[in-house]
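I have placed the structure first, in the form of structure tokens, so that the comments after it can refer back to it.
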Amino acid sequence: MQGLSDAQNVTARAIVLAGCDDFGAEGWREGLERSLDAFARIPLTEQARAAVQQKIVQDLTTRLQIEQWYKQHPDTAAQEMEAPVFVVGLPRTGTTATVAMLALDPAFRFLRMWEGQEPVPPPVAGEEESDPRVNAAREAARAYEKGHIHLFDPDGPEEDLALLAGLDMHAYHGAYPMPDDYVKWWMAEDFASTYAFHARVLKMLQSRRPPNRWLLKSPPHLFKLDAIARQYPDARFIMTHRDPCKVIPSVASLHHVLHSERCLPGSLDKLSSGRKLLAFWSEGMRRGLAARTQIGEERFIDVFNEDVIHRPLETFERVYAHLGMDLTPQVRARLEEYSSRNAPGAFGKHRYTLEEYGLSQDAIHEAFGDYLGRFAVA
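Residue numbering for the sequence shown follows this note's numbering, beginning at 21 and increasing consecutively.
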């Protein structure tokens with residue numbers, strides 16, 4: 021599509037839409053150019069190609085709007101953030117359930133999908149029920165059909181990096197089969213500008229809707245724990261765990277569904293995709309464990325997927341003790357109700373096999389050797 025690989029074209033469109041031209045701190049331009057170049061080489065349907073172009077324009081527009089908000093409300097920069105809690109780990113290890121259950125506690129502030137997609141103006145405490153963004157999100161949730169693959173609650177927490185990294189043009193773009201050179205660049209980036217803008221967005225969002233202790237999660241954080249610790253020196257980490265032999269084929273199946281919705285028929289290779297995802301996430305775990313050693317083990321607590329499912333109260337008692345927080349009777353009751361309502365299989369079964377994605381237990385065990393040697397996962 022004409023203009024997809026033209027960074028000047030999309031920035032000009034964003035400036036017109038936003039009505040301002042200050043993008044703020046540098047660090048995003050190379051990512052824009054690399055993203056546009058990568059998408060131009062993916063066999064997308066015309067509908068998907070138009071959608072991704074519009075998404076990039078919208079991300080740039082949102083960035084401009086955020087900078088404009090800061091100019092009009094300079095006191096926003098003085099917002100203080102209490103030690104944020106990051107739920108990190110491989111995808112499909114219970115990160116969604118863990119953060120959703122912690123989000124039952126009003127002591128935490130978390131990112132809803134609607135405010136991540138349209139953060140300006142920031143929501144106002146006590147006025148969200150009349151916010152058109154909330155009503156639109158709830159309407160979209162009624163048509164959601166992938167509950168057997170990924171839980172979605174329009175009023176619950178969503179992946180912060182998935183929603184916010186695009187504003188700095190450092191998105192992982194997991195819904196697309198990104199070229200190897202883009203993935204290599206993404207892994208090598210230090211993400212300093214990305215997490216700086218990440219904090220900028222969160223400060224704006226909490227400015228009119230407290231509390232200020234953020235609960236955050238997104239599996240790609242695993243690659244960038246050192247950058248998180250630099251931006252948020254008082255951050256605490258909850259690391260989720262599950263057998264990679266269950267994780268990787270589930271991840272491959274999810275990605276295949278997402279890629280199939282966006283790419284031309286016959287253009288995808290399941291076997292190649294499975295092997296690439298194994299290499300990608302085993303490298304993410306290697307980097308995550310290395311960063312964990314550097315950051316300090318005392319800032320981490322380990323949570324196992326099986327325990328979240330079968331022993332939720334005992335699991336979250338440990339988590340709250342680690343965070344130095346009180347697990348109130350009200351939150352205990354909410355945890356029990358959530359666990360009962362979201363039992364495995366409640367929304368249908370997600371079916372896949374290792375073999376259909378070119379995977380084997382031996383290959384996964386070899387790739388995750390150090391991880392498996394440290395954690396007794398099931």
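Where is the CB? At the ideal position from N, CA and C, for every residue including glycine.
Let me check understanding here. Comparing Cα to Cα, which of the options lies closest to residue i?
i	options	result
Y252	L288, Y215, L37, V144	Y215
A398	R282, A299, K266, G109	K266
V77	V328, E53, D95, A97	E53
K204	P239, G304, S360, D173	G304
G316	E100, L245, N29	L245
V221	W206, R262, L181	L181
P174	G186, L183, V154	V154
Y202	A32, I62, Y372, L392	I62
G109	P231, D263, Q92	D263
F395	R371, R338, N325	N325
S360	T348, P349, L333	L333
P231	S270, A185, Q99, N29	Q99
H93	M101, R228, P197	R228
L64	H279, E179, G393	H279
A363	M101, I329, D390, S380	I329
E179	T313, P111, H385	P111
P285	A311, L274, I35, A68	A68
A97	I248, A219, M207	A219
S302	K223, I384, Q74	I384
V30	G47, K75, E46, E66	K75
A310	H275, Y391, S238	Y391
F300	T260, V339, P240	P240
V271	Y372, R331, E66	Y372
T260	A27, M101, T335, Q28	T335
F106	F130, P126, D125, D95	F130
P126	G176, E149, D95	G176
E46	Q314, S213, S287	S213
D26	Q73, V36, E66, I35	Q73
Provide the residue span of the beta strand (DSSP E) that contains residue i, from first to last.
i	result
V277	From DSSP, V277 is part of no beta strand (DSSP E) but of the alpha helix (DSSP H) over 264-282.
E102	102-108
D233	Asp is not the amino acid found at residue 233; the sequence shown has Arg there. Note, R233: beta strand (DSSP E), 233-237.
R256	256-261
Quick check on the DSSP output: the alpha helix (DSSP H) that includes residue i runs from which residue to which?
i	result
K204	200-208
R220	212-226
D327	325-330
M345	No alpha helix (DSSP H) holds M345; DSSP gives it neither H nor E.
M133	133-137
H190	That residue, H190, is in no alpha helix (DSSP H); it is neither H nor E in DSSP.
A229	In the sequence on display, residue 229 carries Arg and not Ala. R229 -> no alpha helix (DSSP H), and no H or E assigned at all.
H385	381-387
N155	152-162
A249	245-251
D314	First, the amino acid is wrong: residue 314 is Gln here, not Asp. Element bounds for Q314: 290-315.
L122	115-122
Round the Cβ separation of residue i and residue j to the nearest angstrom and send it over; I've been treating them as touching at under 8 Å.
i	j	result
F211	F257	Going by Cβ atoms, the distance from F211 to F257 rounds to 16 Å, so no, they are not a contact pair.
E209	H193	With a Cβ gap of about 13 Å, E209 and H193 do not count as contacting.
R233	F128	6 Å
V140	Q85	4 Å
L298	A387	6 Å
F217	R307	F217 to R307, Cβ: 21 Å. No contact.
T81	A38	5 Å
A71	A255	Wrong, their Cβ atoms sit about 33 Å apart, outside the cutoff.
Q137	L187	About 11 Å separates the two Cβ atoms, so there is no contact after all.
D151	P143	6 Å
A160	L235	The Cβ separation is near 22 Å, so there is no contact.
Y196	R282	6 Å
E337	L347	6 Å
Y358	M121	6 Å
A156	W134	7 Å
Could you tell me which whole alpha helix (DSSP H) segments of length 4 or greater appear in the stretch 34-92? 49-60, 66-92
Is there contact here, the stretch 53-71 with the stretch 110-125, by at least three beta-carbon pairs under 8 Å? no
If you pair each beta-carbon of the stretch 35-45 with each one of the stretch 86-100, do three or more pairs fall below 8 Å? Taking 8 Å as the limit for Cβ pairs, the verdict is that the stretch 86-100 does touch the stretch 35-45.
Could you tell me whether the stretch 321-329 touches the stretch 337-348, where touching means 3 or more Cβ pairs closer than 8 Å? yes
Within 8 Å, do at least three Cβ pairs link the stretch 374-383 to the stretch 282-292? Yes, since at least three Cβ pairs between the stretch 282-292 and the stretch 374-383 fall closer than 8 Å, the two stretches touch.
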